[in-house]
Each structure stands twice: as structure tokens, then as C-alpha cells.
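Residue numbers (the working numbering): 1052 to 1472.
Glycine included, each C-beta is placed from N, C-alpha and C at the ideal position.
Source: prediction; values computed, not measured.
The structure appears right after this line, and notes come after that.
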Ligand SMILES: NC(=O)c1ccc[n+]([C@@H]2O[C@H](COP(=O)([O-])OP(=O)(O)OC[C@H]3O[C@@H](n4cnc5c(N)ncnc54)[C@H](O)[C@@H]3O)[C@@H](O)[C@H]2O)c1
């Protein structure tokens, strides 16, 4: 095979294990094929992490299932990795550390895919989009819930006018205590579960229904993960108001937590309800239909209600072991987009192929503006609340600027982002 894509992976945590690892292991065996770009060999060539311990444990466990990758270690390992011989980088560090590695990736001339939320501020998003443009690269973000077959079906109904005009919605995503207490204990100080997981639903709403974001409000609770007057949050409730072309509005509430008891039966508890002019859509992760109990295993190492759509390991009827699902599919999609840009025709057509892939607004950073705006607003509102000023409101594209925070009882405001969102 003459065509090869070498990948870099910054961050070797939970999401690497669940989605990137299965993709790279499968790609090592099968490569990628498409009539438009032919056969492409994909290798995980280099990884970067803070301590290197998970990278070494994985190298040992995987053996020949993975390419013999180089491992960079330390707080600057991402910047070192992007200088190595790779064509694209996947950034999966904690959410407040995406920007540095993402910027270094693009500056080094490598295509980028970054975990959700892409970045925490519109200013950072602008910088990445500009850099990708200058360098002729793809800059994409992973919101794998857009590929969940249930969400795809709902969006299809909406696009086809079967479900008409969304009026309101409620989404919740509840993570177990082991996430905040063990998995993320290293970096959780000063963070909140809304930025980390509400962003899935912010994007689902933004992508599925379109419209213009108008207002963001938020509340939250403290006292379990950190002190009750501190800036580390147990749970958050976010509200977004959107306006549509016909002038009508919709409001969406998104509740998140990472302090749900560890023995609750769901993989993570996920629920969506959307109400339309002519219908309702109710989805619940634990009601997809499967319940399983195994002595001494459920609900810890195996969940009682399995999400077999995300990354389920299974034995195929033809004897092969596979890990498949939308979590893995979304990574493969991105690599196919890179392969198409680089190998989908001759050099004279590369710019056209690049703009074609950039117009895919399910994952392009240029289409992540309203999602990042909501995350930026949420972070600012929580920061004010922790500083003793609860109940702030952020308004979008109003008289004072693109993203502006107002505090109750005060005539002053803070401009979070001056240009139009
Ligand atoms: N798509 C999803 O549903 C989903 C699910 C889980 C996590 N995520 C996202 O993936 C990202 C990582 O989450 P996780 O659950 O894998 O976290 P994690 O804590 O399990 O792993 C974080 C990894 O980043 C590395 N790291 C931290 N700082 C670094 C630095 N400065 N340079 C290089 N490496 C560094 C750590 O060594 C570790 O390997 C987050 O942005 C999170 O929002 C997405």
C-alpha cells in the first residue's frame, strides 16, 4: 500500500480506550478503503500523555494489535508529538487543555480532531479556524451523539417536516461518582460537569434544529466533589433560548451531574425529551430495551442496561471479534475525510476537496460557534456564582456585543466576546 496516514494521539485516557483504540486496532488490520481514495494504511504512530503509564500499559496489553508507536511524556508532550512524523492529531486531553494542543497541531501543519467541547472560548475557536484556513487543514470536533441512531432518526424526522417546529426540550446526562472521584480526580478542581457533557446536547440541539442562540442561564450545586462555596461543581442545570427564522422561540434545559451513585444501573443515565408543534420525542438510554444481570459484575464492570450502540465489543456471527458503534464510527468518519482530502484526486483538486469536507457542519470547528458560545457563557455564569454573584444571564448578539454577561441588580455588564457570535 503506498498511501499512508500516520496518526498522533494526545491524551490516553478513558475516551482513547473506548473509541480511538478500537478504531486504530481495526484500521491496523483492515486499513481504509473508498473508491474515491483507494486503499489507505492508517497507523497510530505516536501518543502523548502526562505520565506515560497508560501508554506503556496499553503497549504491553495490545502487543501486535497496534503499530509500535512512539510515546511522548509530560505536560508539553502534545507540543512535542505534533512535531513528529504524523499527518493528523487527535486531541483528547481534559477539556480546559484542548486549545494548546489543538493550536500546536495546526501550527505544525497537521489535520486536527479534538474531543468535545472543542474549546472553552470563542476567541480560541476563532484562532483555530483561522489557522486551519491559513494552513489548508481540516479542524474537526467529535460529538459522537450526533451519530447515535436514535438522534439521527429524530433529526431526519425534523428535516423531513414529520416533526414540526421544536418548542422546548429537556436533556439530562448523569455520570457516576467514580468519574469525578477517581477517573478525573487529577483535573477536576475548578471544573463542572456541564462543560464536559452538556456540550453533547448543546450540539445535538444546535445541529438538529438550527436557529439562533439568544440567551443562556445556569445554576449549579456544590459540596460533594469540592467545598460548597468553591468553584468545583457537582451538578449543573443549563438553559438555552433559541429563536428561529419565523421569530418563534424554543427553550432547552440540560441537567448534568457527575455525583450519581456508582451502583446506579445505567452506563450513564441519558434522557432527552423534545416537544414539537405536532409531536413529542422521548428517548432514554436505559429504555432502549436491554437489561442484563451478572453476579459480581453488574452494574460495575458490566452495566445492567447496556448501550450497545456506542462501542459494544461483540463476537460477530462470522467468528470475528469486533468493537463497533457510533463512538468508533465517528473517529473513522474523520479519518476518511482526511484520506479524501489527501488522496481523493490529484493536487489541483485538493482545495476543492478540503472545502467540501469543511462544509460538513456536524464536525467542522467553524460550525461550532453557538456550542462554544454556550459553554463560554456557562463557565462565566458559574465563575460569577462561585464569586458570590449568582443568577447572571448571558445574552447573545444584543446591543452590547456578541456574548455579554449581565448580573442582577447591577447596571454594569461584562463583554465575554465582542464580535457577532
Ligand atoms: N466523546 C465523549 O463522549 C467523551 C467521553 C469521555 C471523554 N471525552 C472527552 O475526552 C477528553 C479526555 O477525557 P478522558 O475521559 O479521556 O479523560 P482522562 O482523564 O481519562 O484522560 C486524560 C488524558 O489526557 C492526558 N493529559 C492531561 N494533560 C495533558 C497534557 N498537558 N499533555 C498531554 N496529555 C495530557 C492524561 O495523561 C490522560 O492520558 C475530554 O475533553 C472529554 O470531554 C469525550
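Same chain, Cβ closer than 6 Å to residue i, five either side skipped, listed in chain order
i            : result
residue 1295 : 1262
residue 1380 : 1198
residue 1052 : Note that residue 1052 scores 48 on pLDDT, short of 50, meaning its location in the model is unreliable; the coordinates nonetheless yield the value given after this. Only 1090 and 1092 meet the Cβ criterion.
residue 1228 : 1310 and 1313
residue 1201 : 1334
residue 1461 : none
residue 1172 : 1427
residue 1440 : 1458
residue 1328 : 1215 and 1216
residue 1208 : 1214
residue 1306 : 1223 and 1288
residue 1418 : 1412
residue 1183 : 1157 and 1190
residue 1007 : In the structure displayed, the chain extends from 1052 to 1472; residue 1007 sits before or after that span and is not available.
residue 1465 : 1456
Sequence-distant residues of the same chain with beta carbon closer than 8 Å to residue i, five excluded per side
i            : result
residue 1161 : 1059, 1133, 1137, 1138, 1139, 1140 and 1188
residue 1203 : 1197
residue 1357 : 1318, 1341, 1343 and 1363
residue 1468 : 1172, 1173, 1174, 1424, 1427, 1452, 1453 and 1454
residue 1130 : 1151, 1152 and 1155
residue 1069 : 1361, 1362 and 1378
Cβ-based neighbour list, residue i, same chain, cut-off 7 Å, excluding 5 preceding and 5 following
i            : result
residue 1279 : 1273
residue 1241 : 1282 and 1283
residue 1430 : 1171 and 1246
residue 1083 : 1091, 1093, 1386, 1387 and 1390
residue 1413 : 1197 and 1258
residue 1239 : 1231, 1276 and 1283
residue 1361 : 1376, 1377 and 1378
residue 1308 : 1225, 1226, 1244, 1285 and 1286
residue 1186 : 1157 and 1160
residue 1051 : This structure gives no information on residue 1051, because the portion of the chain shown stretches from 1052 to 1472.
For residue i, the nearest candidate out of the options (CA to CA)
i            : options                   : result
residue 1118 : 1109, 1256 and 1300       : 1109
residue 1144 : 1063, 1232 and 1440       : 1063
residue 1237 : 1307, 1470 and 1148       : 1148
residue 1326 : 1358, 1301, 1095 and 1230 : 1301
residue 1323 : 1152, 1316 and 1303       : 1303
residue 1433 : 1114, 1233 and 1267       : 1267
residue 1420 : 1404, 1392, 1471 and 1437 : 1471
residue 1125 : 1112, 1105 and 1116       : 1105
residue 1192 : 1168, 1205, 1243 and 1210 : 1168
residue 1321 : 1088, 1466, 1226 and 1463 : 1226
residue 1409 : 1069, 1065 and 1180       : 1180
residue 1127 : 1098, 1114 and 1403       : 1098
residue 1473 : 1270, 1056 and 1355       : No statement about residue 1473 is possible, as the shown extent of the chain runs from 1052 to 1472 and does not include it.
residue 1057 : 1135, 1085, 1072 and 1123 : 1135
residue 1116 : 1081, 1085 and 1122       : 1081
residue 1103 : 1366, 1085 and 1061       : 1061
residue 1085 : 1270, 1218, 1392 and 1466 : 1392
residue 1112 : 1265, 1055, 1438 and 1072 : 1072
residue 1096 : 1114, 1211 and 1122       : 1122
residue 1255 : 1299, 1206 and 1365       : 1206
residue 1164 : 1415, 1438, 1435 and 1234 : 1415
residue 1067 : 1100, 1054 and 1087       : 1100
Beta carbon proximity, residue i to chain B, threshold 8 Å
i            : result
residue 1059 : Of the chains in the structure shown, none is chain B; there is only one protein chain.
Q) Are the region 1244 to 1256 and the region 1331 to 1351 touching, with three or more C-beta to C-beta distances below 8 Å? A) These segments do not touch.
Q: Specify whether the region 1186 to 1197 and the region 1273 to 1282 touch according to this definition: at least 3 beta carbon pairs, one from each stretch, less than 8 Å apart.
A: no
Q. Residue ranges of each alpha helix (DSSP H) run of no fewer than 4 residues wholly in the region 1392 to 1451, ordered along the chain?
A. Scanning the region 1392 to 1451 from its first residue to its last, the whole alpha helix (DSSP H) runs of 4-plus residues come out as 1401 to 1409 and 1420 to 1437.
**Q.** the region 1387 to 1403 in contact with the region 1140 to 1147 per 3-pair CB rule at 8 Å
**A.** Remark: fewer than three beta-carbon pairs, one from each stretch, lie closer than 8 Å, so the region 1387 to 1403 and the region 1140 to 1147 are not flagged as touching.
Q | At least three beta-carbon pairs within less than 8 Å, the region 1370 to 1380 to the region 1168 to 1181 | A | no
Q | the region 1073 to 1093 / the region 1145 to 1164 touching (three or more Cβ pairs under 8 Å) | A | With the cut-off at 8 Å, the region 1073 to 1093 and the region 1145 to 1164 do not touch.
Q.
Quick check: the region 1283 to 1302 against the region 1448 to 1459, are at least 3 beta-carbon pairs closer than 8 Å?
A. no
Q) Residue ranges of each beta strand (DSSP E) run of no fewer than 3 residues wholly in the region 1235 to 1291, ordered along the chain? A) Whole beta strand (DSSP E) segments, 3+ residues: 1263 to 1272.
Q.
I'd like the ranges of any beta strand (DSSP E) spanning at least 3 consecutive residues and lying wholly in the region 1107 to 1143.
A. Those beta strand (DSSP E) runs which fall completely within the region 1107 to 1143 and span 3+ residues are 1121 to 1124 and 1139 to 1142.
Q: Take every Cβ of the region 1394 to 1405, pair it with every Cβ of the region 1214 to 1222, and state whether three or more of those distances are shorter than 8 Å.
A: No: fewer than three Cβ pairs fall under 8 Å.
Q. What are the start and end residues of each continuous beta strand (DSSP E) run of 3 or more residues lying completely inside the region 1332 to 1394, in chain order?
A. For the region 1332 to 1394, whole beta strand (DSSP E) runs of length 3 or above, ordered along the chain, are 1363 to 1366 and 1372 to 1375.
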